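> Take the sequence shown: its position 56, counting from 1, is numbered 56 in the UniProt record's numbering, and each next residue is one higher.
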Amino acid sequence: MAIQRMDNVAIVVNDLDAAVAFFTELGMELEGKGEIEGPFADQTVGLDGVRTDIAMMRTPDGHSKLELTKYHAPVAIGAEPPQPPPNTVGLHRVMFAVDDIHDSIARLRPHGAELLGEVANYENVYLLCYLRGPSGIIVGLAEQTG
1 MAIQRMDNVA IVVNDLDAAV AFFTELGMEL EGKGEIEGPF ADQTVGLDGV
51 RTDIAMMRTP DGHSKLELTK YHAPVAIGAE PPQPPPNTVG LHRVMFAVDD
101 IHDSIARLRP HGAELLGEVA NYENVYLLCY LRGPSGIIVG LAEQTG
């Protein structure tokens, strides 16, 4: 049996409203919010006493989703600075294709976005950059130019 699709990527955040605002500004749509707790959550995650708030965000085309998760119990670990660099083992970053990379950066800066390097030109085909968003999330942006 083969997989049907990739359903979503979950990201643990320390400020759910800030993360929703950030990804909404990027162009994602809030699909819904909810509280998750109970035996099924404990069994699924492998932790006892899970209590979270989640926000499900989707791309405008409806094909990709982010589940933003704020843990109330057990308390999330590693959510404080310093933030790990992009070469840390584990989930590296989430990359989005955008129409205008410079406009996207300008709109995300008021939401705490900081460039990790600078906007790079890859062979006159893409403009690329990494930025750090809420809760230290590394977001990649790519604008096709050629």
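C-beta atoms are modelled at their ideal positions from N, C-alpha and C, and glycine is treated no differently.
Quick caveat: nothing in here was measured; it's all calculated off a predicted structure.
1. Decide if the stretch 91 to 106 is in contact with the stretch 131 to 142; the criterion is three or more beta carbon pairs, one per stretch, under 8 Å apart.
2. Which runs of the alpha helix (DSSP H) spanning at least 4 residues fall entirely within the stretch 11 to 93, listed in chain order?
3. How close, in whole Å, do the beta carbons of isoleucine 137 and isoleucine 11 come, if the pair is a contact with beta carbons under 8 Å?
4. Check whether the stretch 23 to 30 and the stretch 40 to 51 touch, using three or more Cβ-Cβ pairs below 8 Å as the test.
5. With DSSP as the reference, please indicate the residues paired to arginine 132 in a beta bridge.
6. For serine 104 and threonine 59, I'd like the C-alpha separation in whole angstroms.
7. Alpha carbons only, please: which of His63, Cys129, Val119 and Leu116 is nearest the one belonging to glutamine 4?
8. Rounded to whole angstroms, what is the Cα-Cα separation between valine 75 and glutamate 35?
9. Determine the extent of the beta strand (DSSP E) in which alanine 106 is found, giving its start and end residues.
Walking through what the data contain:
1. yes
2. 16 to 26 and 39 to 45
3. 6 Å
4. no
5. Glu114 and Ile138
6. 15 Å
7. His63
8. 15 Å
9. Segment 101 to 108 is the alpha helix (DSSP H) holding alanine 106; no beta strand (DSSP E) there.
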